[in-house]
Ligand code: DX5
Ligand code: ZN
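Written as structure tokens, this is what we have:
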């Protein structure tokens with residue numbers, strides 16, 4: 011399993027140390043939650059913060075844009091060091107164009123859906139994306155409970171991937187702990203995003219190690 015700790019739950023007063031800590035414990039991806047107070051009712055971080063980490067970690071910068079206008083900011087996020095740029099299906103009018111434009115930036119492109127969005131809407135785009143991010147909580151805040159309907163979405167994505175030889179990675183985000191990560195793994199998930207269960211853990215090392223082993 012690939013583990014992508016979400017810095018949303020990190021201690022921002024010592025962000026660099028927090029990032030280096032999860033890297034030293036074996037995490038190879040770092041999940042950056044970008045919220046604009048528009049697409050979701052919360053405001054978090056922008057390219058400036060990402061830029062300040064640029065060159066200071068070898069982790070894959072896994073950027074999750076929860077914003078209404080991803081194309082307006084994609085270039086800035088790429089310049090700030092993003093390796094993966096994931097946008098929300100619900101946020102854009104022209105999904106195909108959004109995928110194509112992000113691809114032109116030479117980053118991996120991901121697409122995400124909220125818990126109440128039917129997974130079938132992604133069908134026309136599955137051969138075009140590098141990653142599909144299944145939200146297992148309503149986007150906006152860390153520390154929420156895992157919504158079990160994500161499991162069927164992961165199973166669907168795994169089946170589609172195998173049957174059609176698609177190349178996308180399957181990622182899940184929200185309410186992930188050792189228990190829910192295991193369920194997601196069994197369903198076919200390849201990357202788990204975890205904020206609270208890693209950054210607020212009493213024993214981070216144990217949590218990351220167990221997830222990596224799945
Ligand atoms: C929620 C974010 C998540 C969040 C997960 O909108 O996309 O990445 O940080 O937090 P936990 O792991 O605490 O549910
Ligand atoms: Zn996220």
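In the numbering used here, the protein residues as written are 11 to 224. Backbone N, C-alpha and C fix where the C-beta goes; we use that ideal spot for every residue, glycine too.
Any C-beta of chain B under 8 angstroms from that of residue i
| i | result |
| --- | --- |
| residue 23 | Among the chains in the structure shown there is no chain B, since it carries only a single protein chain. |
Limits of the unbroken alpha helix (DSSP H) element including residue i
| i | result |
| --- | --- |
| residue 80 | 80–89 |
| residue 212 | Element bounds for residue 212: n/a, residue is neither H nor E. |
| residue 105 | 105–113 |
Cβ-heavy atom distance, residue i to the ligand DX5, below 7 angstroms
| i | result |
| --- | --- |
| residue 74 | yes |
| residue 157 | no |
| residue 16 | yes |
| residue 41 | yes |
| residue 149 | yes |
| residue 47 | no |
| residue 56 | no |
| residue 88 | no |
| residue 120 | no |
| residue 207 | yes |
| residue 92 | no |
| residue 215 | no |
| residue 186 | yes |
| residue 21 | no |
| residue 36 | no |
Residue i - containing beta strand (DSSP E), residue span
| i | result |
| --- | --- |
| residue 201 | 201–204 |
Integer-rounded CB distance, given that residue j should sit under 8 angstroms from residue i
| i | j | result |
| --- | --- | --- |
| residue 121 | residue 147 | Actually they are not in contact, since the Cβ atoms of residue 121 and residue 147 sit about 17 angstroms apart, beyond 8 angstroms. |
| residue 203 | residue 14 | 5 angstroms |
| residue 152 | residue 18 | 5 angstroms |
Residue(s) in a DSSP beta bridge with residue i
| i | result |
| --- | --- |
| residue 75 | 44 |
| residue 198 | In the DSSP output, where bridge partners are listed per residue, residue 198 has none listed. |
| residue 119 | 95 |
| residue 14 | 203 |
| residue 218 | Per DSSP, none; premise fails for residue 218. |
heavy atom of the ligand ZN below 7 angstroms from residue i C-beta
| i | result |
| --- | --- |
| residue 104 | no |
| residue 202 | no |
| residue 31 | no |
| residue 183 | yes |
Whole runs of the beta strand (DSSP E) within the stretch 22–60, excluding any shorter than 3 residues: 39–45
Segments assigned beta strand (DSSP E), at least 3 residues, entirely inside the stretch 123–190: 141–145, 179–183
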